[in-house]
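Chains as they are written, first to last, in the numbering used here: chain V, 12 to 334; chain G, 66 to 359; chain Y, 291 to 621. No residue lacks a Cβ here, since even glycine has one placed at the ideal position from N, Cα and C. Just so it is clear, the structure is predicted and the values come from calculations on it, not from any experiment.
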Amino acid sequence: MTEDKTKPIIEAVNLCKYFKTHKGMLHAVEDVSFKLQPGKTLGVVGESGCGKSTLGRTILRLQPATSGEVLYEGENILKFNRKEMHNVQQNMQMIFQDPYSSLDPRMSIRALIMEPIEVLGARKKMSASEEKDRVTEIMEMCGLPKYYNNLYPHELDGGMRQRVGLARAMILDPKFIVCDEPVSALDVSIQAQILNLLLDLQEQHELSYMFITHDLAVVKYISDMIMVMYMGQVVEMAESSELFAHPLHPYTRALLNSIPTIDLSRRNRERITIKGEVSSPINPAPGCRFAPRCPYATEACKQNQCLKEVGPGHFAACTEGSL
Amino acid sequence: MAIFKKKNKKPLSEYSTGELILFRFKKNKLAMLGVAMFAFVTIMILIAPLIRPYSMVIKQDIVHRLNPPSKEHVFGTDELGRDLLARILYGGRISLFCSLAIIGIAFVTGAIIGGTAGFFGGKVDTILMRIVDMLMSVPSALLAMAIITALGNGVWKLVMALSIGQIARFARMVRSSVLTLRNREYIEAAKCFGSSSWRIIMKHILPNGIGPIIVSATLTLGSVILSISSMGYLGLGVASPTPEWGTIISENKVNIQYFPYLGIIPGICIMLTVMSVNFIGDGLRDAFDPKSKK
Amino acid sequence: MANEDRTVLEIKDLYVQYNTDDAVVHAVNGLNLTLKEGEKLGLVGETGAGKTTLALSILKLLPDKVGEIRSGSIIYKGDDLVNKPESFMLGLRGRRISMIFQDPMTSLNPTKNVGDQVLEVINLHFPDLTAAEKTAKVDEMFRLVGIPASRKGEFPHQFSGGMKQRIVIAMALIAEPELLLADEPTTALDVTIQAQILELMRKLKDEFNSAVVLITHDLGVVAEFCDTVSVIYSGRVVEHGTVEQIFEGEDNHPYTKGLIHCIPSLSDTSKRLKPIPGRMPDPRNLPEGCCFADRCPFCKEMCTTTMPEPHEKDGHMILCHLYDPKEAGND
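See the structure below:
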């Protein structure tokens, strides 16, 4: 059993996802590899269009991968057939960004939470009363009052809806949850409630999260490891505290510098505003994709760059301009 | 009405989804009026033999031609002296049955074609929608005429011919509503816990997309009744002397100017039917939507 | 700059409500606010606190028949806008008071090129200028917001989110308004783009010396951009002060404190967040007394029965019984 502990629950190996568009191939996820240990959280940060959501969906096989492997407990699930996939699916769930569109408006809260057992848990052979008990148990676990049973999503506020989404993901007792911007649409006071609930559930059930967000403060709070993505590529990956203490990649540094905080002493900091905007990685040229916006770009940046281990457990594609 | 009476005993929160839908439907006054009107029309048509024998439909009485409504002929007589009430009662059988069957067939086929095209997309979508475009590019009357000419005359063949002309509309409508729903996150969530495509269509897409389609189906009913009659006028499908609401209007059109009851009475019948179905459709749409306050 | 402390906008005891079919929604409940020339005021609050309603009330753009200003006054440079006719407001909107909306995607007309959309604002407010002068003004504005004038002929969909927001800002500022209302101008944007837009607004504010009301839910943005902050809760300003008083001061309204504790900090780690329990009261059914009472860790009996009076010290206003002079003496 002790050996199992160190075995990653989810591992991605050179995962690529391209989309065909009328302008050419869009390289949404390019050559991403990572390992996630049980009970840990991997934060994935990046700006919109950097491929972080696509990565999450590709790992859950909601979209077919172009190449590479996704290993769940050592087995490549991309090769699984329908039946094998059903077995793994119980252990891999997802919660979504928009608590308004991720719940079917025509279903009551109970029906929504129960749906996964109806679909997947049928082989667990639960009786109707056991199912009902399970729903009650899970609703309590996620902080939903019992009388919500027969309410409809439009009658709840954003925070409560997000709890319903979480309850629905938790009902199958999964081991791994992809959280796609689960708190971005919520107010700060509600956001803190949901984040704490996520942490509580992680402690109680040894859950592993892949936490996708654009909010760096949130990702720092919840993650053990952080992966920074830019235009489909991982530019830097490190332990959470290490990344914030010693950001190496020019993009990571600009990103950290841009976060507005309530720390007034940062008001007069030297601002690293990066010029220009993210374009979409359609038929990208080889080399660093950040180069067009990078203040340190040189001719050498047109060469292909890969992640290098620059410190223990700290990977970066580039360290130009860091101290 | 059982649920109405129980209303005070059982709190709304304990209703099952089906009961809630029924409850919301019954609370909708307009929908209930629609049900009453539709029931009235249907019952009258069904008990027609009790009111007038079928022989009166075709019995001509030249002496009493174009008589206005009187005690003997409640709705009056037409230019051949046939009793209008009998013609409307028996004509309703064909009008109502055919139009409902046409809408039903077109709705189901259109939903299957449009739903498949919208849900699976890609090549399936392209092929199915090009077929639908081909259907749409031919005027529906012409299409129906061609089909009847090929298949021969008869009520069933008329139903087939006219419903094919309507399929395209429904297919287009269903496809577009599926396309907007397909990318909702709750569909993705359902995929996440392994729902099959069939389940997603039946449990998530259908209940969410059906509302406007039902309404449009009920609105189409009126024009279908009239198109049955225009087919009849061309001698296709139902032909005189077999009565049918649209035919009754068209065979009397020369006399409508001076004997308006000949147009008004069958017109009211068509209007009542279309309105009642429309009210029911509206009621259904609201009943299925938990957000509606009614 | 002798008139530096002249008041641009003064809102006194404003009540705004929405009359819907089945209830009356009390969106703004006795709100007070003053804004001086050239001041950058941050209006912070959660969804439903009444921030946007306030902005719409100032411009009198509340939805017809539903939104209603019940009482109070909105005094803009000596004119009480509440009683002014629509014709007066037309001369004000876009000319002297401009607004930037949250979603740059929907506030531009997709069928018109962006140059013409900016030009339209000039045609409306400066009809006397010659065509050449107008074009020069448009080009100058494009330069200021950092878009090459050569892109004037392009349509909104050809621009990214950040660029669209720049165009919206250009439209809002071209008439050099005295007051700019920015409703969540950066919420839909990425952090690096947000930084660019805030930098741009800072630069333009210095250029035109407009007063700015920045409406946002993001305390970080307020701390970066604003001079003064008003914290709004349930349609009332519960705390008002300078950024220093709000973010670094000792005394704060319990709600402000709660909000600050909810934000994950970048500097210190491993501590659990302290969320504010519960949620904002239903605006259709407001409680008696302090609206924050049932979520407040310092709630006393009187908080649930009587509305606290504003307590002010060095321009720092707190609406809470905790800071009552009488009460403080007892503690």
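Chain Y partners of residue i, CB-CB under 8 Å?
{"i": "Phe356(V)", "result": "With chain V running from 12 to 334 in the structure shown, residue 356(V) is simply not present."}
{"i": "Gln215(V)", "result": "The premise fails here: Gln215(V) is roughly 15 Å from chain Y at the closest Cβ pair, so nothing lies under 8 Å."}
{"i": "Val194(V)", "result": "What Val194(V) touches in chain Y: nothing, since even the nearest Cβ is about 10 Å away."}
{"i": "Glu4(V)", "result": "Outside the displayed span of chain V (12 to 334) sits residue 4(V), for which this structure offers no information."}
Where does residue i sit, in a helix, a strand or coil, going by DSSP?
{"i": "Met66(G)", "result": "Here Met66(G) scores only 40 on pLDDT, less than 50, and its place in the model should not be relied on; the value that follows carries that caveat. Three-state DSSP puts Met66(G) in coil, outside helix and strand."}
{"i": "Met36(V)", "result": "strand"}
{"i": "Gly531(Y)", "result": "strand"}
{"i": "Leu612(Y)", "result": "helix"}
{"i": "Asn273(G)", "result": "helix"}
{"i": "Asp584(Y)", "result": "helix"}
{"i": "Cys27(V)", "result": "strand"}
{"i": "Cys190(V)", "result": "strand"}
{"i": "Asn309(Y)", "result": "strand"}
{"i": "Tyr307(V)", "result": "coil"}
{"i": "Leu223(G)", "result": "helix"}
{"i": "Gln244(V)", "result": "strand"}
{"i": "Asp621(Y)", "result": "With a pLDDT of 41 at Asp621(Y), under the threshold of 50, the modelled position of this residue cannot be trusted; read the value that follows with caution. The answer is coil: DSSP assigns Asp621(Y) none of H, G, I, E or B."}
{"i": "Arg383(Y)", "result": "strand"}
{"i": "Glu538(Y)", "result": "coil"}
{"i": "His551(Y)", "result": "helix"}
{"i": "Ser290(V)", "result": "coil"}
{"i": "Phe445(Y)", "result": "coil"}
{"i": "Arg526(Y)", "result": "strand"}
{"i": "Leu351(Y)", "result": "coil"}
{"i": "Ser520(Y)", "result": "strand"}
{"i": "Asp198(G)", "result": "helix"}
{"i": "Asp604(Y)", "result": "coil"}
Report, in whole angstroms, the separation of the C-beta atoms of residue i and residue j, which I expect to be a contact under 8 Å.
{"i": "Val194(V)", "j": "Cys552(Y)", "result": "Not confirmed; about 11 Å, so no contact."}
{"i": "Leu145(G)", "j": "Ile127(G)", "result": "7 Å"}
{"i": "Leu95(G)", "j": "Gly348(G)", "result": "7 Å"}
{"i": "Ile290(G)", "j": "Ser164(G)", "result": "5 Å"}
{"i": "Ile128(V)", "j": "Val175(V)", "result": "Their Cβ separation, rounded to whole angstroms, is 15 Å, which puts Ile128(V) and Val175(V) out of contact at 8 Å."}
{"i": "Ile270(V)", "j": "Leu556(Y)", "result": "7 Å"}
In chain G, which residues lie less than 9 Å from residue i when you measure between Cβ atoms?
{"i": "Val289(V)", "result": "Ordered by position in chain G, no residue passes the 9 Å Cβ test against Val289(V), which lies about 22 Å from the chain."}
{"i": "His225(V)", "result": "Near His225(V) there are no residues of chain G at all, since even the closest Cβ is about 17 Å away, more than 9 Å."}
{"i": "Val130(V)", "result": "Ala255, Phe258, Gly259, Ser260, Ser261, Arg264"}
I want to verify the contact list: residues of chain G whose CB lies under 7 Å from the CB of residue i, in sequence order.
{"i": "Ser113(V)", "result": "Glu250, Tyr251, Ala254"}
{"i": "Pro127(V)", "result": "Phe258"}
Mind pulling the chain V residues with CB within less than 7 Å of residue i?
{"i": "Phe537(Y)", "result": "Ile273, Leu275"}
{"i": "Pro114(G)", "result": "Neighbours of Pro114(G) on chain V: none; closest Cβ ~44 Å, over 7 Å."}
{"i": "Pro272(G)", "result": "Arg117"}
{"i": "Thr337(Y)", "result": "Asp198"}
{"i": "Glu534(Y)", "result": "Leu275"}
List the residues of chain G whose Cβ lies closer than 8 Å to the Cβ of residue i, in chain order.
{"i": "Tyr163(V)", "result": "Pro355, Lys356"}
{"i": "His97(V)", "result": "Gly259"}
{"i": "Leu71(V)", "result": "Cys257"}
{"i": "Leu104(V)", "result": "It should be pointed out that residue 104(V) corresponds to Gln in this sequence rather than to Leu. What Gln104(V) touches in chain G: Cys257, Phe258."}
Taking C-beta pairs closer than 7 Å, name the residues in chain Y that residue i reaches, listed in chain order.
{"i": "Val239(V)", "result": "Chain Y residues near Val239(V): none, gap ~12 Å exceeds 7 Å."}
Relative to the ligand NAP, is the shortest distance from any of its heavy atoms to the C-beta of residue i smaller than 8 Å?
{"i": "Gly405(Y)", "result": "Of ligands this structure carries none, so the ligand NAP is not represented either."}
Below 9 Å on C-beta distance, what does residue i contact in chain V?
{"i": "Glu489(Y)", "result": "Arg282, Thr284"}
{"i": "Gly452(Y)", "result": "Glu288"}
Exercise for the section: May I ask you to list, following chain order, the residues of the stretch 243–256 of chain V that have a beta carbon less than 7 Å from some beta carbon of chain G? Expected result: none
Problem - Any 3 or more C-beta pairs closer than 8 Å across the stretch 279–298 of chain V and the stretch 515–527 of chain Y - result: no
Handout entry: Given 8 Å, three or more beta-carbon pairs between the stretch 213–223 of chain V and the stretch 44–52 of chain V
Key = yes
Handout entry: Segment contact flag, the stretch 221–238 of chain G with the stretch 166–181 of chain G, C-beta cutoff 8 Å, min 3 pairs
Key = yes
Handout entry: Any 3 or more C-beta pairs closer than 8 Å across the stretch 470–485 of chain Y and the stretch 236–243 of chain V
Key = no
Practice task
Evaluate contact between the stretch 397–411 of chain Y and the stretch 442–450 of chain Y, counting only Cβ atoms and requiring at least three cross-stretch pairs below 8 Å.
Solution key: yes
Exercise for the section: Report yes or no: do the stretch 323–334 of chain Y and the stretch 498–505 of chain Y share at least 3 C-beta pairs separated by less than 8 Å? Expected result: yes
Exercise for the section: Could you tell me whether the stretch 286–298 of chain V touches the stretch 267–278 of chain V, where touching means 3 or more Cβ pairs closer than 8 Å? Expected result: no
Exercise for the section: Select from the stretch 502–521 of chain Y all residues with a C-beta closer than 7 Å to any C-beta belonging to chain V, and list them in chain order. Expected result: His507, Asp508, Leu509, Gly510, Val511, Ala513, Glu514
Practice task
Would you be able to state if there are at least three C-beta pairs under 8 Å between the stretch 581–591 of chain Y and the stretch 224–232 of chain V?
Solution key: no
Exercise for the section: Check whether the stretch 317–335 of chain G touches the stretch 295–308 of chain Y, taking contact to mean three or more Cβ pairs, one atom from each stretch, closer than 8 Å. Expected result: no
Problem - Stretch-stretch touch, CB-based, cutoff 8 Å, three pairs: the stretch 535–555 of chain Y with the stretch 296–313 of chain V - result: no
Practice task
Could you say if the stretch 325–344 of chain G and the stretch 101–112 of chain G meet the contact criterion of at least three C-beta pairs nearer than 8 Å?
Solution key: yes
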